[in-house]
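Numbering (the numbering used here), first residue to last: 16 to 179.
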């Protein structure tokens with residue numbers, strides 16, 4: 016799949032990686048333009064996101080901050096940057112998130128990146144592979160992460176790749 020930037024790995028290699036960090040995304044700048052576009056797309060124009068002067072005057076943040084859901088939504092592109100696909104992947108889909116915690120605000124102009132630890136790989140005879148990641152989104156030069164969560168995905172591969 017050409018949307019992934021890492022070379023594909025085998026199911027066995029993915030299973031062997033359980034318990035370790037499998038990828039780190041590139042740094043991504045969170046600009047006011049990005050925040051404004053997200054506000055337009057979601058109709059969430061709360062001043063702490065879109066009004067730099069008011070946010071500086073009326074909040075402890077010193078300016079605007081990104082929507083929590085914006086930072087969460089950036090995980091898709093960060094996953095394509097950081098995670099190797101499985102060999103013979105036909106499709107990968109998001110199954111859901113567990114224990115999402117927004118731990119620190121992402122101030123406008125900050126850079127963020129995601130760390131992916133693989134914690135579960137379960138291959139079904141049908142060709143579907145359930146993969147679980149613990150994900151932490153780091154804010155550059157900050158001790159507390161922007162968010163932490165458990166992410167569940169499903170990837171369909173050629174059934175011949177699964178040893179049942």
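Beta carbons: idealized from backbone N, C-alpha and C, even for Gly.
Practice problem: Specify, as a first and last residue, the run of the beta strand (DSSP E) that residue 163 falls within. | Solution: Start at 1 with the first residue of the chain shown, and residue 163 comes out as number 148. Counting along the chain, the beta strand (DSSP E) containing residue 163 begins and ends at 162-172.
Quiz item: In angstroms, rounded to a whole number, what distance separates the CA positions of residue 106 and residue 71?
Solution: Counting from 1 along the chain shown, the entry for residue 106 is found at position 91. Counting from 1 along the chain shown, the entry for residue 71 is found at position 56. Cα to Cα, residue 106 sits roughly 44 Å from residue 71.
Exercise. Specify whether the segment 59-74 and the segment 87-103 touch according to this definition: at least 3 beta carbon pairs, one from each stretch, less than 8 Å apart.
Key: no
Quiz item: Roughly how many angstroms separate the alpha carbons of residue 16 and residue 22, rounded to a whole number?
Solution: Taking the chain shown and counting its residues from 1, one reaches residue 16 at position 1. Taking the chain shown and counting its residues from 1, one reaches residue 22 at position 7. At residue 16 the pLDDT is 41, less than 50, meaning the model places this residue with poor confidence and gives no usable figure here.
Self-check item: For residue 160, the nearest candidate out of 92, 113, 167 and 125 (CA to CA)
Solution: In the chain shown, counting from the first residue as 1, residue 160 sits at position 145. Closest option to residue 160, Cα to Cα, is 125.
Quiz item: Given residue 20, which residues of its chain have a CB within under 6 Å of its CB, disregarding the five upstream and five downstream residues?
Solution: Stepping through the chain shown from its first residue, residue 20 is reached at position 5. 96, listed in sequence order.
Quiz item: What does a CB cutoff of less than 8 Å around residue 39 pick up in its chain, not counting 5 residues either side in sequence?
Solution: Translated into the one-based positions of the chain shown, residue 39 becomes position 24. Hits under 8 Å: 97, 128, 129, 130 and 131.
Self-check item: Classification of residue 43 by the beta-carbon crowding that lies within 10 angstroms, buried from 16 upward
Solution: Residue 43 sits at position 28 when you count from the first residue of the chain shown. Classification for residue 43: buried.
Self-check item: Whether residue 142 touches residue 171 by CB criterion (7 Å)
Solution: Taking the first residue of the chain shown as position 1, residue 142 is located at position 127. Taking the first residue of the chain shown as position 1, residue 171 is located at position 156. Yes, these two residues count as a Cβ contact at 7 Å.
Practice problem: Note down the Cα distance separating residue 29 from residue 164, rounded to an integer number of angstroms. | Solution: Position 14 of the chain shown, counted from the start, is the residue given in the question as residue 29. Position 149 of the chain shown, counted from the start, is the residue given in the question as residue 164. Each residue's alpha carbon lies about 20 Å from the other.
Practice problem: Quick one: grab the DSSP three-state call for residue 137. | Solution: Your numbering for residue 137 matches position 122 in the chain shown. If DSSP states are grouped into helix, strand and coil, residue 137 belongs with the strands.
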